[in-house]
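Working notes, structure below.
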Amino acid sequence: MSLHTLTLAELAAGLDRRDYSSVELTRHFLDRISRFDAAATGGLNSYITVTPERALAQAAAADAARAAARSGTGSAGQLTGIPLAQKDIFCTEGVKTTCGSKMLDSFISPYNAEVVTRCDAAGLVMLGKTNMDEFAMGSSNETSFYGAVKNPWDVTRVPGGSSGGSAAAVAARLAPAATGTDTGGSIRQPASLCNLTGLKPSYGRISRWGMIAFASSLDQAGPMTQTAEDAALLLQVMAGHDAKDSTSIDHPVPDYRATLNDSLQGLRIGLPRQFFGEGLNASTAALIQAAIRELEKLGATCVEVDLPNSGLSVPAYYVIAPAECSSNLSRFDGVRFGHRCDNPKDLEDLYKRSRAEGFGEEVRRRIMIGTYALSAGYYDAYYLQAQRVRRLIKQDFDAAFAHCDVILGPTAPDTAFALGAKQEDPIAMYLQDIYTIATNLAGLPGMSIPAGFSAGLPVGLQLIGPYWSEARLLNVAHRYQQVTDWHRQLPAAFA
Ligand code: GLN
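According to this note's numbering, the sequence shown is numbered sequentially starting from 8.
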């Protein structure tokens, strides 16, 4: 078996047995990146920056830490020495951090995001920074200043977005796992389109410090992995209170692996009628039904639930997220960070041209919508109204969870679409997140796991739980993955 087909748990066991060193493992993935990723030679384009020197230094340190642990003179964690890719939204000290934007093309971060600090402390080896939609705005990775990413399952199709680089890198095993962020679906939808396990935790579970802000009340980081067990391992590293982020919540972090094998006997699965109606691709629906039958065999029962306001989630999101982004992105003014235009006439010209040149079309569209929605005279009609809808959506979930433990449905309405197919139609693109956005508006944890293939393309199944139910979601996903092998399928060209 080749090293790149192994999960984090398997790689950890191999490092323990000394089957290979971290340096060997890291070289193996760096070699795969050079072989499969370069855009210039028709590769996937899943990395914006590859950091081989940093990676090999971390790997050598990991090998030394493991040796010291064996001789009783030091300590090493379970994941010490395992490679990982970081989405390029996380600040990395001394390394270019672009957020997929020309605006930050020359930005070398002076500090690490808390997520990066925690991954480094766990001994994980950063291979590089993955491609993404510009400032995480998109569902196809096509808004990136660094070009589109190809889906390893069919290189004429999108990998999903905004964490499309992370998804493609893990799907093609150019990294055994990656980090992502999810504001409206950006972990779950690409996980679905690339046959991965992706988890967006409860809002406040993982520190946002050093994670470049898109819509602060919605943004949440999470793991993108091959299996639920790996998601548990990586979440364990990423989760926990951080005093530097005022929205990080001081709530105990359970041992996510301890409950993975719990029985599903008596689990009540809620099926929202709004998730199975019009707009859902028929073969996706059939695969979701087949997955439900597997879970029933494991002891779960199903009940229909109602999320009456879920149809309003996309419109509410596209007021709230742009409003927050217009405020967050005002810091990119040509003075303090990133791109600055040449020869400005005066201060106003400096602001205008730096921003017009530095931001791409989708980002400019969102800033304009958000600025409009927040302006005097429109604030009540749009922003306040959207916040009221947001509250109703949260109440719908509270009511549904009175009847069920987890909610199950599709992650995305369809499988991966062709590159370019939706680029001219923002509304069609926005509807990619019709099943994922409500979760962010309510702050709840959501997960996508592989549930089969339709015409050779992966289909994801979504699980949503109440606040802090990450362990339960991982448990359901893990039990499902023990009786199915969709998640172990690899695209043939990258096997
Ligand atoms: N596709 C959604 C958007 O474009 C969600 C993106 C995300 O979750 N970062 O805003």
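For glycine and all other residues, C-beta sits at the position ideal for the given N, C-alpha and C.
Quick check on DSSP: helix, strand or coil for N138? coil
Bounding residues of the alpha helix (DSSP H) (the contiguous stretch that carries G377): 368 to 381
Specify, as a first and last residue, the run of the alpha helix (DSSP H) that P329 falls within. 320 to 335
What are the start and end residues of the beta strand (DSSP E) that includes S461? 453 to 461
Cβ-based burial, V370 [other Cβ within 10 Å; buried from 16]: buried
Would you tell me roughly how many angstroms separate the C-alpha atoms of A19 and Q489, rounded to the nearest one? 19 Å
Quick one: what's got a C-beta closer than 7 Å to V132's C-beta in the same chain, skipping five residues either side? S29, T33, A62, Q65, A66, A69, G88, I89, P90, L91
I'd like to confirm something about Q439: is its beta-carbon nearer than 7 Å to some heavy atom of the ligand GLN, or not? yes
Could you give the distance in angstroms between the alpha-carbon of G50 and the alpha-carbon of D38? 13 Å
By the 10 Å Cβ neighbour count, where 16 or more other Cβ atoms means buried, how is H494 classified, buried or exposed? buried
In whole angstroms, give me the CA-to-CA distance for H248 and E364. 38 Å
For E31 and G217, I'd like the C-alpha separation in whole angstroms. 30 Å
By DSSP's criteria, T555 is part of a beta bridge. Which residues make up the other side? The first residue shown for the chain is 8 and the last is 502, placing residue 555 beyond what the model contains.
Using 8 Å as the Cβ pair cut-off and three pairs as the minimum, do the stretch 285 to 299 and the stretch 179 to 193 touch? no
What's the gap between the Cα of Y487 and the Cα of S290? 19 Å
Any chance the CB of S193 is under 7 Å from a heavy atom of the ligand HEM? This structure lacks the ligand HEM; the ligands present are the ligand GLN.
Quick one: what's got a C-beta closer than 6 Å to A323's C-beta in the same chain, skipping five residues either side? A393, V396, R397
Helix, strand or coil at T12 [DSSP, three-state]: helix
Hey, quick one: how far does the beta strand (DSSP E) through V57 stretch, first residue to last? 54 to 57
Nearer than 7 Å: is that true of the beta carbon of F114 relative to any heavy atom of the ligand GLN? no
Name the residue from R212, G306, A238 whose alpha carbon lies nearest to the alpha carbon of L203. A238
Supposed contact pair G467 and A419 - C-beta distance, whole angstroms, cut 8 Å: 6 Å
Please check the pair A328 and A182, which I expect to be a contact at CB under 8 Å, by giving their CB distance rounded to whole angstroms. Between A182 and A328 the Cβ distance is about 28 Å, and since that is not below 8 Å, they are no contact.
Just the C-alpha distance for R42 and G277, rounded to the nearest angstrom, thanks. 44 Å
Between the stretch 250 to 262 and the stretch 450 to 467, do three or more beta carbon pairs fall short of 8 Å? no
In its own chain, which residues sit with a C-beta less than 7 Å from the C-beta of D44, not counting the 5 before and 5 after it? G50, L51, N52, S53, Y54, L181
Of all the options A76, T58, A178, which has the alpha carbon lying nearest to the alpha carbon of D23? A76
Going by beta-carbon coordinates alone, are I219 and I376 separated by less than 8 Å? no
How about A423: is its Cβ closer than 7 Å to a heavy atom in the ligand GLN? no
In the structure shown, what three-state DSSP assignment does V122 receive? helix
Identify every residue that forms a DSSP beta bridge with K94. T137
Suppose you measure from the CA of S113 to the CA of Y153; what does that come to, to the nearest Å? 13 Å
Three-way DSSP call (helix, strand, coil) for Q227 in this model: strand
Just to check my reading of the structure: I400 and L438 have Cβ atoms closer than 8 Å, yes? What is that Cβ distance to the nearest angstrom? Going by Cβ atoms, the distance from I400 to L438 rounds to 17 Å, so no, they are not a contact pair.
Can you tell me the Cα-Cα spacing of K352 and C106, whole angstroms? 28 Å
Kindly give me the distance between the Cβ atoms of M144 and F366, rounded to whole angstroms, as I take these residues to be in contact under 8 Å. Contact doesn't hold; Cβ gap of about 10 Å is too wide.
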